[in-house]
Ligand code: CP
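What follows is the structure, given as structure tokens:
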């Protein structure tokens, strides 16, 4: 069942200019409204309710200068559920491989008459750069190490479905924090909603500087040891080591920071296991943890991703 544009959500979007670029600049109220809107979209995603084509006649350009499976496909499915036409452009097969700049590419796509652009780039701040140079709404689908705000929203939605609240819950994000745009979006969203966050990883991947990054009623701690915090967690979010950004898997990484079968046993029975994907099985997460029927909610995150992207697209584009 579709909702008309929620005025408060639209205002929150307007305050963020015309675009959806980060969770750092979303108010807690606007985050909750987007989660509520996404929740209302889930019956369409699960195919139990027919979609309403509120974006019929509109065109959404999916422009991915970096590889993606989940984000690109779920934006395409989300736009399709809303009745929009989708244009997919990746680096392979496009003229960026001939040296065209990102700015020239997006200006050319805009000149063809699109209503919104979904941008993924390896440049931190790249989505904002595009947004400042085109008239149509721009959605950040992950920009370098900066933010991945729709991943942040789908993580929040999954946590709310299982834990039921954010205030006072204890969440660990484990792994290559320093290179992770997912960690930054999760951090801004969770702290603004009152969660207690523990960032865990080796000193090369997380430092005390992260304690100063977010503001809100929640808190951020940094730990270089995983085992002592496991029993007190409501949520554990495992991250991949991002080799494409120069990180490497050091000797002993899995022993120190992997969610192994032994560590799975140390979690509270109610603690959920999350991962944004793609998984490097046997490195940051074991098969037992990834496939644990009771605790792993990794595929539910993916389903929620479609609903969240429907919520963001419709909030930006739906006409009153
Ligand atoms: N979580 C995520 O961003 O996955 P993709 O890189 O496959 O889009």
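Numbering (the numbering used here), first residue to last: 6 to 325.
For every residue, glycine included, the Cβ atom is placed at its ideal position computed from N, Cα and C.
(1) Could you compute how far the alpha carbon of residue 81 sits from the alpha carbon of residue 40?
(2) Which residues end up in the neighbourhood of the ligand CP when you take C-beta atoms closer than 5 Å to any of its heavy atoms?
(3) What are the partner residues of residue 46, as DSSP defines its beta bridges?
(4) To the nearest angstrom, how far is it from the Cα of residue 306 to the Cα of residue 78?
(5) In the structure shown, what three-state DSSP assignment does residue 168 receive?
(6) Is residue 223 helix, strand or coil when you go by DSSP?
(7) What residue range is occupied by the uninterrupted beta strand (DSSP E) comprising residue 135?
(8) Which same chain residues, not among the five before or five after residue 329, have their C-beta less than 7 Å away from its C-beta?
(9) Tell me whether residue 202 is buried or exposed, calling it buried when 16 or more other Cβ atoms sit within 10 Å of its Cβ.
(10) Thinking C-alpha only, which one of 228, 186, 98 is nearest residue 213?
(11) Look up residue 315 in the DSSP assignment and say whether it is helix, strand or coil.
(12) Out of curiosity, what's the CA-to-CA distance linking residue 220 and residue 193?
(13) Are residue 271 and residue 235 close, meaning C-beta to C-beta below 8 Å?
(14) Is residue 191 buried or exposed, if buried means 16 or more other CB atoms sit within 10 Å of its CB?
(15) Look up residue 95 in the DSSP assignment and give the residues it is bridged to.
(16) CA-CA distance, residue 159 and residue 309?
(17) What does DSSP give as the partner residues of residue 203 in its beta bridges?
(18) Which whole-angstrom value is the C-beta distance of residue 302 and residue 167, which I expect to be below 8 Å?
Straight from the coordinates:
(1) Start at 1 with the first residue of the chain shown, and residue 81 comes out as number 76. Start at 1 with the first residue of the chain shown, and residue 40 comes out as number 35. So the alpha carbons of these two residues sit roughly 19 Å apart.
(2) 73, 74, 75, 76, 281, 282
(3) By one-based count along the chain shown, residue 46 stands at place 41. In the DSSP output, where bridge partners are listed per residue, residue 46 has none listed.
(4) Locating residue 306 in the chain shown gives position 301, where the first residue counts as 1. Locating residue 78 in the chain shown gives position 73, where the first residue counts as 1. So the two alpha carbons sit approximately 14 Å from each other.
(5) What you label residue 168 is simply residue 163 of the chain shown in a count that begins at 1. Looking at residue 168 - three-state DSSP - the assignment turns out to be helix.
(6) Against the chain shown, residue 223 aligns to sequence position 218. The answer is coil: DSSP assigns residue 223 none of H, G, I, E or B.
(7) Mapped onto the chain shown, residue 135 falls at position 130. Taken as a continuous stretch (DSSP letters only), residue 135 belongs to no beta strand (DSSP E), being part of the alpha helix (DSSP H) at 131-136.
(8) Examination of residue 329 is not possible in this model, given that the chain is present from 6 through 325 alone.
(9) Translated into the one-based positions of the chain shown, residue 202 becomes position 197. Buried is the call here.
(10) Mapped onto the chain shown, residue 213 falls at position 208. The option with the nearest alpha carbon to residue 213 is 228.
(11) On the chain shown, position 310 is the one that residue 315 refers to. Three-state result, residue 315: helix.
(12) Counted from its first residue, the chain shown places residue 220 at position 215. Counted from its first residue, the chain shown places residue 193 at position 188. Cα to Cα, residue 220 sits roughly 7 Å from residue 193.
(13) What you label residue 271 is simply residue 266 of the chain shown in a count that begins at 1. What you label residue 235 is simply residue 230 of the chain shown in a count that begins at 1. Yes. Within cutoff.
(14) One-based indexing of the chain shown puts residue 191 at position 186. Label assigned to residue 191: buried.
(15) One-based indexing of the chain shown puts residue 95 at position 90. Per DSSP, 69.
(16) Reading the chain shown from its first residue, position 154 is the one you call residue 159. Reading the chain shown from its first residue, position 304 is the one you call residue 309. Straight-line Cα distance between these residues: approximately 6 Å.
(17) By one-based count along the chain shown, residue 203 stands at place 198. Note: residue 203 sits in a beta bridge opposite 177, 226.
(18) For this step, residue 302 is matched to residue 297 along the chain shown. For this step, residue 167 is matched to residue 162 along the chain shown. The pair is a contact, with the Cβ atoms about 6 Å apart (cut-off 8 Å).
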